[in-house]
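Enquirer: Each residue of the sequence shown is one higher than the last, beginning at 150 in our numbering. In this text, a Cβ means the ideal position worked out from N, Cα and C, and glycines have one as well. All values derive from a computational prediction rather than experimental measurement. Got a structure for you, questions after.
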Amino acid sequence: MIRSQVHKTIQRLNRRAITSLPAQSVLWDSEKLLKQDEEARNRAQYFFSHGVPNKAECKLLATLLQKHNTEIESYPYLFLYEWSPTNMMGRGDAVFASGQGGLVVVEAKAKHATKHVTKQSLFYRQRLLEEYPQSSVSAAILTHGGFAWTQKESEHAENPVQLTSVLLPLKQRNLVHKQQKLEVNSLPSVRSTTLPKDTSVLCSITGQISPSQNSHLSLLSSLFTCRQTTPPPIRKNKNKALRRSARYN
């Protein structure tokens, strides 16, 4: 009696949908995908042997899981089987992976009508895209009428780890550029002592800093050009002078 209850409990647990989904980095790792494929296929065989959810649907999915299936030859890895999103909304049938960041959601129904199953495939595509935002997710259906794509995307997606390694040198160059700007702003002000008193100095920026310039003088010579200008003559107030002369007279 106890053994039969334990056996039924194990069967219920095995038939539950997977909610602990693999990490996103697995989508670009062939070794981990092979391991995930083996576990998912073993899980699928368990469902097939028990006819869950029904024998007709199991027969459809069994043909799709064949190694030399031409319908999804670009997605050779079975990634998930009988799975649920982390928000526990719904239960999908099968997900295949390309090994290069691409995923495809396949929803199967043992009937000829496609309207309801098409909505399901697009719904689970959106849920899977929320789980793996860096991947490229497609959707497809499988009915008595055959295999059909409901939304086809690229099988390739950029690995976020590689993107980080490319963007890092750009950040470093930006930091160097900011440091050079700070060095220029911290230079002491230069005042000319050789120019006559009746002249002033007007400076304008004419160049940019090059990394080979080390001294302040070379930086200033490349940044500034100066020219001498004579200020306008001081105009005397004639009315004030006339009032003063009239007061003394």
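Tell me the DSSP bridge mates of Thr292?
Expert: DSSP lists Gly295 as partners of Thr292.
Enquirer: So the beta strand (DSSP E) Glu302 belongs to, where does it begin and stop?
Expert: Looking at the DSSP string, Glu302 is not in any beta strand (DSSP E), and its letter there is neither H nor E.
Enquirer: Is Ile256 helix, strand or coil when you go by DSSP?
Expert: The residue asked about is misnamed: residue 256 is Glu in this sequence, not Ile. In the three-state reduction of the DSSP assignment, Glu256 falls in the strand class.
Enquirer: Can you tell which of His261, Ala259, Ala246, Thr263 has its C-alpha closest to the C-alpha of Glu302?
Expert: Ala246
Enquirer: Run the proximity test for Glu231: is its beta-carbon closer than 7 Å to any non-hydrogen atom belonging to the ligand ZN?
Expert: This structure lacks the ligand ZN, and indeed carries no ligand of any kind.
Enquirer: Looking at C-alpha atoms only, which residue of Thr212, Leu213, Ser233 is the closest neighbour of Leu278?
Expert: Ser233
Enquirer: For the alpha helix (DSSP H) holding Leu278, just list the boundary residues, first then last.
Expert: 264-280
Enquirer: Please confirm if the stretch 218-229 is in contact with the stretch 187-200, defined as three or more CB-CB distances below 8 Å between the two stretches.
Expert: yes
Enquirer: How is the alpha helix (DSSP H) around Ala193 delimited, first residue to last?
Expert: 179-199
Enquirer: Tell me which same chain residues have a C-beta within less than 7 Å of the C-beta of Leu209, skipping the five on either side of it?
Expert: Ala257, Ala259, Leu291
Enquirer: Note down, in chain order, each residue of its chain lying with its Cβ closer than 7 Å to the Cβ of Ala211, except the 5 sequence neighbours on either side.
Expert: Here the set comprises Phe197.
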